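Under the numbering used here, the letters of the sequence shown match residues 390 to 938, in that order. Even for Gly, the Cβ is constructed at its ideal location relative to N, Cα and C. Model, not experiment: these values are computed from the prediction.
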Amino acid sequence: MDHVNLLVRTALLCCGAYCVWFYIGSRHQRHPLNNIPGPPPSSFMKGNMGQFFGPQSTEFQLSIVNAFISGIVRLNGVFGRPVLYVYDPKALYTVLVKEEDNFEQSARLINMNNALVGPGMVSTLDGHHRRQRKMLNPVFTANRMRALLPVCLNIGFTASDTMADLLANGPQQLDVLSWTTRIALEAIGQGGLGHSFDPLVNGRRSEFGQMVMNLFPAIAHLNVWAGAFPVFHRLPAPIRKLLSFIPPIRACHELRIIMDTIVQHGTSIAEAKKGALKEGDLRVAEQIAQGNDFMSILIKANMAASEEDRLPEAEVVAQTAVLIVTATDTTSNTLARILELLAEHPNMQHRLRAETIEAWQDGDVSYGRLMQLPLLDAVYRETVRLYTPATWVIRDARKATILPLATPIVGNDGTVMNEIPVPKGCEVVIGVVGANTSKSIWGEDALEWKPERWLNPLPPTVARNTLPGVSPNLMSFSGGRRACIGWRFAEMEIKAMLSILLPRFTFAPGEKEIVWRAAHAVFPTVRDDATSTPQLPLMVGLYNGAAPV
Numbered sequence: 390m391d392h393v394n395l396l397v398r399t400a401l402l403c404c405g406a407y408c409v410w411f412y413i414g415s416r417h418q419r420h421p422l423n424n425i426p427g428p429p430p431s432s433f434m435k436g437n438m439g440q441f442f443g444p445q446s447t448e449f450q451l452s453i454v455n456a457f458i459s460g461i462v463r464l465n466g467v468f469g470r471p472v473l474y475v476y477d478p479k480a481l482y483t484v485l486v487k488e489e490d491n492f493e494q495s496a497r498l499i500n501m502n503n504a505l506v507g508p509g510m511v512s513t514l515d516g517h518h519r520r521q522r523k524m525l526n527p528v529f530t531a532n533r534m535r536a537l538l539p540v541c542l543n544i545g546f547t548a549s550d551t552m553a554d555l556l557a558n559g560p561q562q563l564d565v566l567s568w569t570t571r572i573a574l575e576a577i578g579q580g581g582l583g584h585s586f587d588p589l590v591n592g593r594r595s596e597f598g599q600m601v602m603n604l605f606p607a608i609a610h611l612n613v614w615a616g617a618f619p620v621f622h623r624l625p626a627p628i629r630k631l632l633s634f635i636p637p638i639r640a641c642h643e644l645r646i647i648m649d650t651i652v653q654h655g656t657s658i659a660e661a662k663k664g665a666l667k668e669g670d671l672r673v674a675e676q677i678a679q680g681n682d683f684m685s686i687l688i689k690a691n692m693a694a695s696e697e698d699r700l701p702e703a704e705v706v707a708q709t710a711v712l713i714v715t716a717t718d719t720t721s722n723t724l725a726r727i728l729e730l731l732a733e734h735p736n737m738q739h740r741l742r743a744e745t746i747e748a749w750q751d752g753d754v755s756y757g758r759l760m761q762l763p764l765l766d767a768v769y770r771e772t773v774r775l776y777t778p779a780t781w782v783i784r785d786a787r788k789a790t791i792l793p794l795a796t797p798i799v800g801n802d803g804t805v806m807n808e809i810p811v812p813k814g815c816e817v818v819i820g821v822v823g824a825n826t827s828k829s830i831w832g833e834d835a836l837e838w839k840p841e842r843w844l845n846p847l848p849p850t851v852a853r854n855t856l857p858g859v860s861p862n863l864m865s866f867s868g869g870r871r872a873c874i875g876w877r878f879a880e881m882e883i884k885a886m887l888s889i890l891l892p893r894f895t896f897a898p899g900e901k902e903i904v905w906r907a908a909h910a911v912f913p914t915v916r917d918d919a920t921s922t923p924q925l926p927l928m929v930g931l932y933n934g935a936a937p938v
């Protein structure tokens with residue numbers, strides 16, 4: 390015990406000495422970004438990072454966009470180190486597309502992702518990442534989505550049957566988030582991994598599903614200490630437990646337990662999948678999704694790839710955890726957000742229900758028909774615009790670079806700047822919230838949820854300020870080669886579930902006020918819940934009109 394105490398004290402002393410040295414050094418250097426307007430720091434040590442990485446991150450970013458009309462803002466990093474918050478369209482294009490080799494994923498995020506899921510696509514850089522992306526891109530084409538639509542629809546029907554049984558005696562308050570999380574986990578399980586996590590035949594979610602649901606709240610507990618996770622998580626479990634009185638180490642301990650479980654599940658699924666493929670096509674056809682799931686396709690493609698392109702087994706296995714983590718909470722939270730918004734806007738709920746009922750009149754709905762339903766598309770796009778599932782992306786400047794601006798900014802000294810010199814090592818935050826809600830792009834009603842805007846020609850300012858996102862006119866899924874690879878699957882899944890749920894159920898606000906917390910991905914909880922448990926209680930009832938069969 391004495392050795393442990395000495396170790397802790399020494400580590401804290403070294404950390405404190407480094408922080409003082411870092412602060413003094415940074416204060417004596419005139420930083421080239423100091424002329425860019427930005428908010429004052431909220432604390433000496435954290436700068437603005439406590440606000441940016443905290444549970445109110447979305448509100449903080451909206452306050453930035455409202456307070457500074459420029460598309461580039463200087464934030465204060467740890468001990469005052471400048472961080473650029475960028476949502477100017479031309480600057481975004483430079484960072485994400487034109488000069489993407491100069492702006493790689495933040496090193497601390499790469500290290501954290503590697504500690505969380507291993508050498509998956511979110512944990513690799515440069516040629517290593519390009520090789521993985523090259524192998525995975527064919528897995529997420531529109532044709533693959535068509536093949537997986539029946540899988541998603543069957544999951545939706547099963548879940549809706551179980552929900553209907555619970556509501557047989559009349560409307561009641563249901564935790565909608567619990568259901569959307571179960572649906573999303575099962576969708577990525579069957580469609581992504583060819584595996585069932587939850588049969589959805591009763592009202593209780595699985596223990597594994599609950600653990601996945603707790604992932605982003607656990608990340609939120611790290612806050613600005615997220616970059617330290619790769620160090621803390623290497624401590625032996627008994628030491629982490631012993632030091633759990635220190636909040637960052639306690640959060641790391643909780644997160645490590647969750648991720649170990651997810652990785653173990655993913656590894657066993659990948660091993661079973663490889664075994665089935667070796668047994669031949671007949672064995673694969675007997676599996677869920679008949680071998681059309683992402684993992685089966687990836688493993689088959691990797692087995693057929695040249696030696697140069699083939700991924701090591703550890704990297705293939707790591708993609709299972711990546712799929713589970715990235716495709717569950719963000720999708721389930723977006724679907725839950727749409728249901729909450731429809732509960733608050735009953736007229737829009739009525740209109741969208743009518744459109745989805747009509748789409749099912751022939752007894753089935755095709756992929757093309759589903760994706761082109763105008764009001765469904767408008768509701769989806771407006772929701773991911775205003776309430777983006779992930780609120781930020783961070784890049785590191787690998788060398789000094791000039792960022793051109795679509796709209797000039799006025800510096801603190803009154804100088805008009807058409808471009809910004811970005812020094813090597815500077816952190817650049819891709820302002821997803823800023824780009825999606827900027828009034829200079831979207832107009833004065835940018836902060837209002839108005840699906841109708843997508844049913845009419847968008848403002849000319851949107852066309853003039855082309856955003857480099859993979860989803861047209863939106864930064865919700867980022868852009869460039871590190872954009873969200875599964876954005877089409879998320880869109881199809883959400884639209885499929887809405888087309889099943891709305892003709893069968895009605896949604897109204899629940900008794901408790903809902904607030905949304907940020908943990909990179911945002912999640913809902915009840916305002917009075919001190920534990921910030923993810924939940925979204927809504928009043929749900931059976932709709933007596935026509936429904937899908």
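Asked, Found
"Neighbour-count burial assignment, R916, 16 or more Cβ in a 10 Å radius", "exposed"
"Cβ contact (3+ pairs, closer than 8 Å) linking the segment 480-488 and the segment 861-872", "yes"
"Which listed residue (F492, T745, E696 and H610) has its alpha carbon closest to that of S921", "H610"
"For Q561, the first and last residue of its enclosing beta strand (DSSP E)", "Q561 to D564"
"Beta-bridge partners of Y932, as assigned by DSSP", "The partner list for Y932 (beta bridge, DSSP) is empty, contrary to what the question assumes."
"Sequence-distant residues of the same chain with beta carbon closer than 7 Å to R774, five excluded per side", "N825, L863 and S865"
"Residue-chain proximity (I727, chain D), Cβ-Cβ < 8 Å", "Checking the listed chains, one finds no chain D in this structure; it contains a single protein chain."
"Three-state secondary structure (DSSP) of Q494", "strand"
"Residues of its chain near A835, where Cβ-Cβ distance is below 7 Å and the 5 sequence neighbours each way are ignored", "T826, S827 and K828"
"E837 - DSSP class collapsed to helix/strand/coil", "coil"
"T895 - containing beta strand (DSSP E), residue span", "F894 to P898"
"Identity of the residues DSSP links to G793 by a beta bridge", "Rather than Gly, the amino acid found at residue 793 in this sequence is Pro. Bridge partners of P793: E808."
"Alpha helix (DSSP H) segments (min. 4 residues) lying fully within the segment 536-621", "565-576, 596-602, 604-611 and 618-621"
"Limits of the unbroken alpha helix (DSSP H) element including P428", "Run containing P428: none; DSSP gives neither H nor E here."
"Cβ-Cβ separation, T569 to L724 (assumed contact under 8 Å), whole Å", "4 Å"
"8 Å CB neighbourhood of D564 in its chain, flanking five on each side removed", "Q924, L925 and P926"
"Pair within 8 Å by beta-carbon distance, V472 and E816", "yes"
"The beta strand (DSSP E) enclosing P913, as first and last residue numbers", "A910 to V915"
"Residues of its chain near A885, where Cβ-Cβ distance is below 7 Å and the 5 sequence neighbours each way are ignored", "L538, C541, L542, G545 and L759"
"For L582 and L712, believed in contact at Cβ under 8 Å, the rounded distance", "7 Å"
"Local conformation of G516 per DSSP, three classes", "helix"
"Cβ separation of Y932 and P892, assumed to be a contact under 8 Å, to the nearest whole Å", "7 Å"
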